Amino acid sequence: MNKYNLEINQGKIGQDGYVSQTGWVKTYYINETTREYMGATMEHITIGAGLPAGAYLDAPELPEKQDIAIVRSADELSWLHVIDHSGKTAYSTETRQPTEIDFIGDLPDTLTLLEPKTEFDKWDGKQWVTDTDAQKIALVAEADNEKAQRLNEANGTITYLQEAADVDLATESETAALQEWKKYRVLLNRVDTSTAPDIDWPKKP
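For the sequence shown, the working numbering begins at 2 and goes up steadily by one.
Rendered as structure tokens:
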């Protein structure tokens with residue numbers, strides 16, 4: 002018998018789960034927190050001991066799709082394929098707020114991969130539905146605010162120009178501007194904000 006050996010000593014594990022022959026074995030290990038498969042490695046095992054925690058002898062079947070993760074079953078007897086959305090953006094079905102998925106498995110009912118299109122979207126259990134009544138109220142309120150700001154600017158400008166005209170100090174350009182601003186204010190007052198967002202705002206002088 003040659004005193005040298007060119008082969009790697011292969012370890013063996015008996016049916017009882019303990020090492021029956023010291024040597025090297027190929028194992029497949031998991032993240033013990035998520036139970037997700039992490040990779041393969043060679044482990045040196047010794048008689049009387051068992052495999053390291055989170056290491057298994059049976060190889061998992063590789064999934065064909067990228068959005069599938071390999072996990073070890075809870076009873077540690079088999080490998081499972083589960084959906085993997087990690088790294089994708091999901092949206093809260095309650096607040097519409099986006100969040101990055103950092104777990105594997107099915108999404109809870111409070112999250113969806115569908116992106117809401119407006120701040121007035123509500124989740125109906127399957128899709129986002131825009132609350133058009135709430136959207137209309139908000140658009141009218143926004144138009145009312147813009148109309149008020151425009152009128153405030155017009156009133157301030159007209160007051161200044163009118164004072165100059167009242168004391169006969171208005172220049173020709175100021176007199177002309179006064180008329181244009183008054184016309185502008187009349188047109189502003191005629192704006193019907195209930196037609197928002199389809200409003201054709203008058204052009205400011």
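Where a beta carbon is used, it is the ideal one built from N, C-alpha and C, also for glycine.
Bear in mind that the values here come from a model prediction, so they are computed numbers and not experimental data.
Cross-strand partners of residue i (DSSP beta bridge)
i: residue 30; result: 40 and 56
i: residue 202; result: Residue 202 pairs with nothing; no bridge assigned.
i: residue 122; result: 131
i: residue 84; result: 69
i: residue 11; result: 25
Residues near residue i by beta carbon distance below 8 Å, same chain, minus five either side
i: residue 41; result: 27, 28, 29, 30 and 60
i: residue 186; result: 152, 155, 156 and 159
Unbroken beta strand (DSSP E) run spanning residue i, endpoints
i: residue 174; result: Note, residue 174: premise wrong, no beta strand (DSSP E); alpha helix (DSSP H) at 173-190.
i: residue 75; result: Per DSSP, residue 75 belongs to no beta strand (DSSP E) and is neither H nor E.
i: residue 92; result: 90-93
i: residue 23; result: No beta strand (DSSP E) contains residue 23, which DSSP labels as neither H nor E.
i: residue 65; result: Counting along the chain, residue 65 falls outside any beta strand (DSSP E), and DSSP gives it neither H nor E.
i: residue 99; result: 99-101
Cut-off 6 Å between Cβ atoms - residues of its own chain near residue i, not counting five sequence neighbours on either side
i: residue 57; result: 29
C-beta atoms of residue i and residue j nearer than 7 Å
i: residue 55; j: residue 33; result: yes
i: residue 10; j: residue 24; result: yes
message: Contact between the stretch 149-168 and the stretch 99-117 is defined here as three or more beta-carbon pairs at a separation below 8 Å; is this criterion met?
response: By the Cβ criterion, the stretch 149-168 is not in contact with the stretch 99-117, since fewer than three pairs of Cβ atoms, one from each stretch, lie closer than 8 Å.
task: For the stretch 40-54 and the stretch 72-83, state whether three or more C-beta atom pairs, one from each stretch, are separated by less than 8 Å.
output: With the cut-off at 8 Å, the stretch 40-54 and the stretch 72-83 do not touch.
field: Contact between the stretch 94-108 and the stretch 160-167 (3+ Cβ pairs under 8 Å)
entry: In short, these stretches do not touch, since the Cβ pair count stays below three.
- request: May I ask you to verify whether the stretch 83-90 touches the stretch 45-55, counting CB pairs closer than 8 Å and requiring at least 3?
  value: Not touching, per the Cβ criterion.
- prompt: Taking three-plus beta-carbon pairs below 8 Å as touching, is the stretch 187-204 in contact with the stretch 141-148?
  reply: Counting Cβ pairs under 8 Å, three or more are found: they touch.
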